[in-house]
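Take 8 as the starting number for the sequence shown in the numbering used here and just add one per residue. Where is the CB? At the ideal position from N, CA and C, for every residue including glycine. Before any comments, here is the structure.
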Amino acid sequence: MTKIFKITRKVLIVLYIKTNGSLKLISNPQSKNVSAIILINTDAGGEEEVYEKLKELKEVSEAYIVYGVYDIVAKIEAQDMDSLRNFVSSTIRKLPKVRSTLTMIIMESSTMKK
8 MTKIFKITRK VLIVLYIKTN GSLKLISNPQ SKNVSAIILI NTDAGGEEEV
58 YEKLKELKEV SEAYIVYGVY DIVAKIEAQD MDSLRNFVSS TIRKLPKVRS
108 TLTMIIMESS TMKK
């Protein structure tokens, strides 16, 4: 169960995420250093061109051409939520051959060691 309460655009966003029977409070995801996974659909045959353009963008830390519903998966690093929103809407979505995107904000992460 996820509930989002948005008080104002830049003041406070509160997220409650139910995990293992408990609620986890995440306040103010407007904070600095926001990461997101962007799922990208391209025009048929446009994967390579979009992938090559993504590799040139400093905000893109990882990019993969994949099989399935989406054509490309990219990890984005931004200074804050506004920068992320602007980057996705003004840069990624305007790349030639990008048909659609789905943005997933990373709330918590860890590096797996082998």
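Select from V41, I45, T98, R100 the residue whose C-alpha is nearest the C-alpha of I79.
I45
Which runs of the alpha helix (DSSP H) spanning at least 4 residues fall entirely within the region 82-111, listed in chain order?
88-94
What span of residues does the alpha helix (DSSP H) with Y58 cover, start to end?
Going by DSSP, Y58 is part of the alpha helix (DSSP H) stretching over 54-62.
Between K104 and E56, which are expected to be in contact by the criterion C-beta below 8 Å, what is the C-beta distance as a whole number of angstroms?
6 Å
Between S116 and I83, is the Cβ-Cβ spacing less than 9 Å?
no
Can I47 and A81 be called in contact, C-beta distance under 9 Å?
A contact, by the Cβ cut-off of 9 Å.
DSSP beta-bridge partners of T49
DSSP links T49 through a beta bridge to V105.
Exposure of L91, with buried meaning 16 or more beta-carbon neighbours within 10 Å
buried
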